[in-house]
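With the working numbering, the residue at position 20 of the sequence shown is 27, and numbering never jumps.
Glycine included, each C-beta is placed from N, C-alpha and C at the ideal position.
In this text, all values refer to a predicted model and were calculated from it rather than measured experimentally.
I have placed the structure first, in the form of structure tokens, so that the comments after it can refer back to it.
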Amino acid sequence: MQTQETRLIDPDQLMTETQVADFLCQSIRTIQKWRITGFGPAFYKIGRSVRYKRGELVDWMNERKRAHTSAVGTPVN
């Protein structure tokens with residue numbers, strides 16, 4: 008059995024739209040728009056549900072890290 012702490016850091020943990028919106032400090036509608044336009048992180052369609060893997064979400068965020076506003080397209084390592 009996994010503990011609460013283990014689940015919080017598990018990169019394979021599946022997250023709901025609501026959890027992703029909270030994690031990224033965005034509205035659920037923004038997450039939905041990103042998914043529709045292809046901008047957002049990769050997602051899984053399980054039946055009627057949409058889920059995101061925590062590790063993939065963190066990777067997606069890290070790919071968008073910038074040092075300053077004129078660094079568009081130039082990620083910081």
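Contact between residue 49 and residue 63 holds, since their C-beta atoms are separated by about 5 angstroms, short of 8 angstroms. Only residues of its own chain outside the window of five on either side were considered, and among them 58 have a CB closer than 6 angstroms to the CB of residue 51, listed in chain order. By the Cβ neighbour-count rule, residue 68 is exposed, with fewer than 16 other Cβ atoms within 10 Å of its own. Judged by DSSP secondary structure, residue 52 falls within the beta strand (DSSP E) whose first and last residues are 51-53. Looking at 43, 60, 72 and 73, the one whose alpha-carbon comes closest to that of residue 23 is 60.
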